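Colleague: In the numbering used here, the protein residues as written are 36 to 153.
1. Would you kindly report the start and end of the unbroken beta strand (DSSP E) that includes residue 126?
2. Helix, strand or coil for residue 131 per DSSP?
3. Between 125, 113 and 92, which lies nearest to residue 35 when the distance is taken from Cα to Cα?
4. How is residue 95 classed by DSSP in three states: helix, strand or coil?
5. Of all the beta strand (DSSP E) runs that stay within the bounds of the region 54 to 121, which reach a length of 3 or more residues?
6. Quick check on DSSP: helix, strand or coil for residue 44?
7. Within a Cβ cutoff of 6 Å, which residues of the same chain sit near residue 84, ignoring the five residues on either side of it in sequence?
8. Taking contact to mean at least 3 C-beta pairs separated by less than 8 Å, is the region 95 to 108 in contact with the region 58 to 67?
9. Candidates 145, 153, 138 and 147: which alpha carbon is nearest residue 45's?
Here it is, written out as structure tokens:
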């Protein structure tokens, strides 16, 4: 059984500030639920961070605290970003909690591709 993360949501984390437009970012897609921005330290030619606007800390919190429709909608939003960018192939990665490499305590998906976008 998955446990909720023990971290209390920090509304001053970097992504919370980006979502409030307090920090600059290169937005590639936005809707009512997510913001997709270019990663400032890309690991591949295309490296987009897909950030939900809800204050969710990690994938564990999304899965354990949301209904199936909300979870599915997040993954459909990730696909919508890939479609908008015209990506033919891509990978989606999640780093979960500090032990899994998550550096910012706000859920985000890494959408990456060898294809270059403008």
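The beta carbon of each residue, even a glycine, is placed where N, CA and C say it ideally should be.
These numbers were taken from a predicted model, which means no experiment stands behind them.
Modeller: Reading off the structure:
1. Here residue 126 refers to the residue found at position 91 when the chain shown is read from its first residue. Counting along the chain, the beta strand (DSSP E) containing residue 126 begins and ends at 126 to 128.
2. For this step, residue 131 is matched to residue 96 along the chain shown. Note: residue 131 maps to coil in three-state DSSP.
3. The displayed coordinates of the chain run from 36 to 153. Any statement about residue 35 would go beyond what the structure contains.
4. The residue labelled residue 95 in the question sits at position 60 within the chain shown. Residue state, collapsed to three classes: helix.
5. With a minimum length of 3 residues, the continuous beta strand (DSSP E) runs that stay inside the region 54 to 121 are 62 to 65, 69 to 73 and 81 to 87.
6. Mapped onto the chain shown, residue 44 falls at position 9. Reduced to three states, the DSSP call for residue 44 is coil.
7. Locating residue 84 in the chain shown gives position 49, where the first residue counts as 1. Contacts found: 72, 74 and 143.
8. As far as the Cβ criterion goes, the region 95 to 108 does not touch the region 58 to 67, which means the pair count is below three.
9. Locating residue 45 in the chain shown gives position 10, counting from the first residue. The candidate whose alpha carbon is nearest that of residue 45 is 138.
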